[in-house]
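What follows is one structure encoded as structure tokens, with my remarks underneath.
Protein chains: 2
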Amino acid sequence: MTSSSNVRTVFIVSDSTGVTAETFSNSVLSQFEQIKFELIRIPFIDSPEKAAATAQRINLCAQAQQQRPLVFSTLVNQDSVLKIREADCIFLDLFGTFVQNLEDALGIKSSHSVGRSHMGGSSKEYSNRIEAINFTLAHDDGQFIHGLKEADVILVGVSRCGKTPTSLYLAMQYAVKAANFPLIPEDFERGSLPATLHPYRHKLFGLSIQPSRLSEVRNERRPNSEYASLKQCRYEVAEAERLMRMENIPWLSTTTKSIEEISSKVLEDVGLNRRVF
Amino acid sequence: MTSSSNVRTVFIVSDSTGVTAETFSNSVLSQFEQIKFELIRIPFIDSPEKAAATAQRINLCAQAQQQRPLVFSTLVNQDSVLKIREADCIFLDLFGTFVQNLEDALGIKSSHSVGRSHMGGSSKEYSNRIEAINFTLAHDDGQFIHGLKEADVILVGVSRCGKTPTSLYLAMQYAVKAANFPLIPEDFERGSLPATLHPYRHKLFGLSIQPSRLSEVRNERRPNSEYASLKQCRYEVAEAERLMRMENIPWLSTTTKSIEEISSKVLEDVGLNRRVF
């Protein structure tokens, strides 16, 4: 087989899940638009033997494609790093590069211990995170209004504007207790926030969305319904935005944003500074 | 103020959410156990002006602490990078370092475009992810059994062993449709899987947990109940593990694992190779 210069295999090799490494690699690789990358994540390489087997797999790939694959590694163990580094590849040592830089800058040695990026199942932080997820599930879509006083933030907006995934992401990634509450035609007719929310005005954050996008999303769920019609979506979005402006609720449009971006903006705006899990 | 050498401020500066950068930084910093790090994430630095303001903030910190803070940057824009680099700090260019390495290795130039690490709200991948989250919410705790044939994986295990957070993480991070189904005393008395699950045996993955840990978790929800007693937890866990062995269901213990690790192991075991969001 001859080299196909615009497709390149990328191995993500990690002693843990490799999720951070893959997200990071995607971000770096997206800067090379002229090349199509095929990512293969190889998690839990926690022994030199597994590293040697991975090196073999990389060599086979290099041979078959007549082209050196890229390898992004977050391995900590130096014997394992060496095995992979010796394979026929372009080796990028995500972890070692910066540990080395930091050792130099701080003038101290690192501990070279493995798999410390995520918290295990017994720490306090972990319990907080699980508690936040449970809270968010119990307070999805206004279904359970007791306990709203415990919420860190309450997302409001029309049905299907992105409240649920954003709430769950906030809980999962930041251990934030995020409730969410729908704004519905009744609220617009009355022209005020649901009474339930009045005591928690300072915790409210609004999500909105382009009516055409909302109509698409609702049509997937209830095709050709009044609920999904562009007319209804235009009405609800205009009224929800008017209400949020009137009530001085900070809000943003989710239309072109990822769940990560929306969540980060929400935290910034409500002044929650949380560590990431 | 004199330098306090065992606490060090770390700025995470990103033109997007900074979540990947923070997770990555945590992993690198965890190698320096002798130092306590205080992380400050500064997201959405998307103009040289905002970068200049951030540089000022870094300088004030350096002055107050009489010590150069660490800065992990994933900024792409070169003018912005320059502003931060000129501040009084130890600058670690997460992004530029590897983009440069790749340019050298591949012999091509990168596009230097900003904020491409997460998908926006309109792509197909994004819809798949939202669809997976909705599926997982609808199929939590065996509450909705129609549609199980669409599931990519069905997690089984005793109540409170970690099925829900794992299912949600699988949906959120990998766009995997993850249902979950409880194993309850009735199933143990009958000595077989719930009949509903028989057609989907190949999609099942079991979660288990140490009885003492399970008892702790259940006691938080229903203190001093029979349900939370160590005796009951021991019984259910032993029976669930026996059932999973008998039915040849792959399973693992969640006790000392993070949601990330459990999810990654599940994917590996059921042979789902998914990209990370």
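Respectively, the protein sequence lines represent chains D and S.
First residue of the first sequence: 1, per the numbering used here; consecutive thereafter.
First residue of the second sequence: 1001, per the numbering used here; consecutive thereafter.
Where is the CB? At the ideal position from N, CA and C, for every residue including glycine.
Model, not experiment: these values are computed from the prediction.
CA nearest to the CA of residue i, picked from the options
i	options	result
THR1196/S	SER1215/S, ILE1209/S, VAL1156/S and LYS1231/S	VAL1156/S
HIS198/D	ALA53/D, GLU261/D, SER47/D and LEU148/D	LEU148/D
GLN1143/S	ALA1171/S, CYS1161/S, PHE1091/S and ASN1180/S	ASN1180/S
PHE1032/S	ARG275/D, LYS265/D and LYS109/D	LYS109/D
VAL1276/S	ASP15/D, ILE42/D and ARG8/D	ILE42/D
THR1136/S	TYR1169/S, GLU1125/S and ASP1104/S	TYR1169/S
SER942/S	LEU1102/S, LYS1050/S, THR1164/S and ARG1221/S	Lying outside 1001 to 1277, the shown extent of chain S, residue 942/S is not represented and no answer is given.
PHE37/D	GLY191/D, SER25/D, PRO48/D and LYS257/D	SER25/D
THR166/D	THR255/D, HIS202/D and GLU241/D	THR255/D
VAL1007/S	GLU1260/S, ALA1062/S, GLN1210/S and SER1212/S	ALA1062/S
GLN173/D	GLU226/D, PHE98/D and ILE262/D	ILE262/D
LYS203/D	MET244/D, ILE130/D and ALA52/D	MET244/D
SER111/D	GLN78/D, SER123/D and LEU230/D	GLN78/D
ARG190/D	ARG242/D, LYS50/D, ASN101/D and ILE45/D	ARG242/D
SER212/D	SER258/D, LEU183/D, LEU230/D and GLU186/D	LEU230/D
GLU1236/S	PRO1182/S, THR1009/S and CYS1089/S	PRO1182/S
GLN232/D	GLN210/D, SER253/D, GLU247/D and ILE40/D	GLN210/D
PRO1048/S	ALA1105/S, LEU1106/S and LYS1083/S	LYS1083/S
Chain D residues whose Cβ lies nearer than 7 Å to that of residue i
i	result
PRO948/S	Lying outside 1001 to 1277, the shown extent of chain S, residue 948/S is not represented and no answer is given.
GLU1268/S	PRO43
THR1017/S	GLU260, GLU261 and SER264
Neighbourhood of residue i by C-beta distance below 8 Å, restricted to the same chain and skipping five residues each side
i	result
MET1/D	Residue placement at MET1/D is poorly supported in this model, since its pLDDT is 42, which falls under 50; the coordinates are not used for a value here.
ASN128/D	ALA175
PHE205/D	VAL153, ILE154, LEU155, VAL156, ILE249, PRO250, TRP251, VAL266, ASP269 and VAL270
ALA138/D	PHE144 and GLY147
Partner residues on chain S for residue i, Cβ-Cβ distance less than 8 Å
i	result
PHE181/D	Per Cβ cutoff of 8 Å: no residues; PHE181/D is ~16 Å from chain S at best.
SER73/D	Correct list: empty, because the minimum Cβ distance to chain S is about 11 Å.
9 Å Cβ cut-off: residues of chain D touching residue i
i	result
ILE1084/S	Those within 9 Å of ILE1084/S in chain D number zero; the least Cβ separation is about 15 Å.
PHE1032/S	VAL99, LEU102, GLU103, LEU106, ILE108, LYS109, SER110 and SER111
TYR1126/S	SER258 and ILE259
Residue(s) in a DSSP beta bridge with residue i
i	result
ASN282/D	Because residue 282/D is not part of the residues shown, which for chain D are 1 to 277, the question remains open.
LYS36/D	VAL7/D
ALA1052/S	Looking at the DSSP assignment, ALA1052/S forms no beta bridge with any residue, so it has no partner.
ILE1090/S	LEU1070/S
ILE154/D	ALA179/D and LEU204/D
VAL278/D	Outside the shown range of chain D, which is 1 to 277, sits residue 278/D, and nothing can be said about it.
SER1253/S	SER1208/S
Residues of its chain near residue i, where Cβ-Cβ distance is below 6 Å and the 5 sequence neighbours each way are ignored
i	result
ALA1087/S	ALA1055, ILE1058 and ASN1059
ASP1093/S	SER1073
ASN273/D	none
ALA1171/S	ALA1132, ILE1133, THR1136 and ALA1178
PHE188/D	GLU239
GLY121/D	Reliability fails at GLY121/D, whose pLDDT of 49 lies under 50, so the model's placement of it is uncertain and the value that follows must be treated cautiously. Cβ within range, chain order: n/a, list empty.
PRO1185/S	none
ASN219/D	ALA228
Close Cβ partners of residue i (< 7 Å) along its chain, the five nearest in sequence each way excluded
i	result
VAL1217/S	ARG1160
VAL21/D	Sequence check: residue 21/D is Ala here, not Val. These residues qualify, in order along the chain: ILE12, SER14, PHE72, THR74 and LEU94.
ARG85/D	PHE91
GLY1096/S	VAL1081
ASP1140/S	THR1164, SER1167 and ASN1180
ILE1045/S	VAL1013, SER1014, ASP1015, ALA1051, THR1054, LEU1075 and SER1080
ILE1035/S	ASN1006 and ARG1008
CB contact check: residue i to chain A, cutoff 8 Å
i	result
SER264/D	Absent here is chain A; the protein component of the structure consists of chains D and S.
Residue i beta carbon near the ligand MG (any heavy atom closer than 7 Å)
i	result
LYS231/D	Judged by which ligands are present, the structure shown has none, so any question about the ligand MG falls away.
Under 8 Å by beta carbon: chain D residues contacting residue i
i	result
ASP1215/S	The displayed chain sequence assigns Ser, not Asp, to residue 1215/S. Those do not exist, as SER1215/S stays about 14 Å from chain D at its closest Cβ, beyond 8 Å.
VAL1010/S	Within chain D, no residue comes near VAL1010/S; the closest Cβ sits about 10 Å away, beyond 8 Å.
Amino acids of chain S, ordered along the chain, whose beta-carbon sits closer than 7 Å to that of residue i
i	result
ARG275/D	LEU1039
Name the residues in the region 218-242 of chain D whose C-beta lies less than 7 Å from a C-beta of chain S; which are they?
-> none
Could you name the residues of the region 1088-1118 of chain S whose beta carbon sits closer than 8 Å to any beta carbon of chain D, in the order they occur along the chain?
-> Against chain D - using a Cβ distance shorter than 8 Å - the residues of the region 1088-1118 of chain S are ILE1090, LEU1092, LEU1094, PHE1095, THR1097, PHE1098, VAL1099, ASN1101, LEU1102, ALA1105, LEU1106, ILE1108, SER1110, SER1111, HIS1112, SER1113, ARG1116, SER1117 and HIS1118.
Under 9 Å (Cβ pairs) to chain S, residues found in the region 19-46 of chain D = VAL19, THR20, ALA21, GLU22, THR23, PHE24, SER25, ASN26, SER27, VAL28, LEU29, SER30, GLN31, PHE32, GLU33, GLN34, ILE35, LEU39, ILE40, ARG41, PRO43 and PHE44
Residues in the region 1167-1179 of chain S having any Cβ partner in chain D nearer than 7 Å = Only those residues of the region 1167-1179 of chain S whose C-beta falls short of 7 Å from the nearest C-beta of chain D are listed: LEU1168, TYR1169, MET1172 and GLN1173.
Output, in sequence order along the chain, the residues in the region 144-160 of chain D whose CB is closer than 7 Å to any CB in chain S.
-> Correct list: empty, as no residue qualifies.
Listed from N- to C-terminal order along the chain, which residues in the region 181-197 of chain D have their beta-carbon within a distance smaller than 8 Å of any beta-carbon of chain S?
-> none
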